[in-house]
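Its first residue numbered 0, the sequence shown is counted upward by one per residue in numbering that gives the first Met the number 0.
Input: a single structure, listed below in structure tokens.
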Amino acid sequence: MPIAQLISPQALEQRRSQPGLVILDCRFALEDPDYGQRSYAEGHIAGASFADLERDLSGSVTKGVTGRHPLPEPGALIERFKAWGIDNDSDVVLYDDGPGAYAARAWWLLVWLGKRDGVYILDGGLKAWHAAGLPLSLDPPQNHRGNFSGAPDASLLLSAQALQQCLGQSEMTLLDARALPRFKGEVEPIDPVAGHIPGAQCAAFTDNLGADGRFLPADQLKQRFAEKLGERSPTELVAYCGSGVTACHNLFALCLAGYPLGKLYAGSWSEWINDPQRGVATGE
């Protein structure tokens with residue numbers, strides 16, 4: 000079974016009441032941290048539990064040390080997954096408003112803890128769900144306690160120190176998921192330093208999507224990333240972004256395209272700039 004899988008609104012509606020299916024609502028807004036919880040309370044896909052980016056899918060921020068969304072402590076995350084009813088053999092469907100960035104963060108965390116099959120992102124998110132004319136619910140989920148027993152896979156991560164040592168090595172492909180103006184350092188609406196990690200290429204996560212907000216076909220995604228990789232091996236690919244969230248969207252899209260799962264620099268730009276000794280580049 001592929002590690003990255005999509006599910007359509009219609010297919011989810013057909014499967015929604017099947018035993019063993021867990022649905023997580025991952026809606027979030029950086030500019031309004033309570034948006035996701037508020038939106039969930041106003042209506043969600045029936046049976047879904049709410050997974051908050053900052054309270055559930057991230058760890059504690061240490062100012063001047065971590066990035067804005069450090070990885071959660073594995074034991075605490077496993078407990079959250081159990082509380083949402085996830086078993087080792089559950090099928091899990093993740094959704095957000097549509098682009099899939101927050102859903103992809105939850106996908107990557109499950110993969111990191113060892114769940115490599117039966118994890119889906121709702122293609123097009125709630126926007127596509129609404130477009131299909133499907134209903135929302137106000138009812139809380141009826142969860143049993145799951146038996147999920149994961150363990151973190153350190154091979155999927157690259158630390159800031161390790162990345163610093165790799166800079167300049169010709170075999171590494173470093174992809175930045177932020178929009179081009181932020182990559183180039185022309186604007187920086189969130190972090191105190193503008194620019195990108197030296198040697199990185201801009202691979203805006205939004206370019207994984209078509210005009211309809213759904214993921215591009217696998218062959219188009221393959222062409223997109225083949226241009227970024229050139230002659231380099233995909234096994235040496237590292238993804239980052241502003242805080243380790245939208246980079247997961249690129250990692251998911253790479254897997255959709257048939258590439259192996261790359262590494263995540265989870266601290267990303269917001270951690271990188273905490274140390275003035277680390278290089279900063281601007282422009283293309």
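Where a beta carbon is used, it is the ideal one built from N, C-alpha and C, also for glycine.
Give the secondary structure of residue i by DSSP, where H, G and I count as helix, E and B as strand, and everything else as coil.
i	result
Phe-214	strand
Lys-183	helix
Tyr-101	helix
Ile-189	coil
Gln-168	coil
Ser-232	coil
Phe-147	coil
Can you tell me the Cα-Cα spacing of residue i and residue j, whole angstroms?
i	j	result
Glu-226	Thr-61	37 Å
Gln-274	Gln-200	The question names Gln, but residue 274 in the sequence shown is Asp. Rounded to the nearest angstrom, the two C-alpha atoms are 21 Å apart.
Pro-188	Pro-69	19 Å
Val-91	Ala-127	18 Å
Gly-243	Thr-65	11 Å
Ile-272	Phe-49	31 Å
Phe-182	Pro-191	14 Å
Asn-249	Gln-141	33 Å
Ala-100	Gln-276	30 Å
I'd like to confirm the pairing. Which residues does DSSP put opposite residue i in its beta bridges?
i	result
Asp-90	Leu-20
Cys-201	Asp-175
His-195	Ala-280
His-43	Ser-136
Tyr-239	Asp-175
Ile-6	Leu-121
Lys-262	Val-237
Is it buried or exposed, residue i, if we count other Cβ atoms within 10 angstroms and call 16 or more buried?
i	result
Ser-38	buried
Ala-288	The question about residue 288 has no answer here: the residues shown for the chain are numbered 0 through 283.
Ser-267	buried
Glu-270	buried
Leu-137	exposed
Ala-153	exposed
Gly-241	buried
Arg-286	Here the chain comprises residues numbered 0 to 283, so residue 286 is not present and cannot be evaluated.
Ser-57	buried
When the distance is taken between beta carbons, is residue j closer than 7 Å to residue i?
i	j	result
His-143	Gly-97	no
Tyr-258	Tyr-239	no
Gln-11	Ile-120	Sequence inspection shows Leu at residue 11; the Gln mentioned does not correspond to that position. Not closer than 7 Å, so no.
Gly-261	Leu-255	no
Ile-22	Ile-2	no
Ala-103	Phe-251	yes
Please confirm whether residue i has its beta-carbon closer than 7 Å to some beta-carbon of chain C.
i	result
Trp-83	Any reference to chain C falls outside this structure, which holds one protein chain only.
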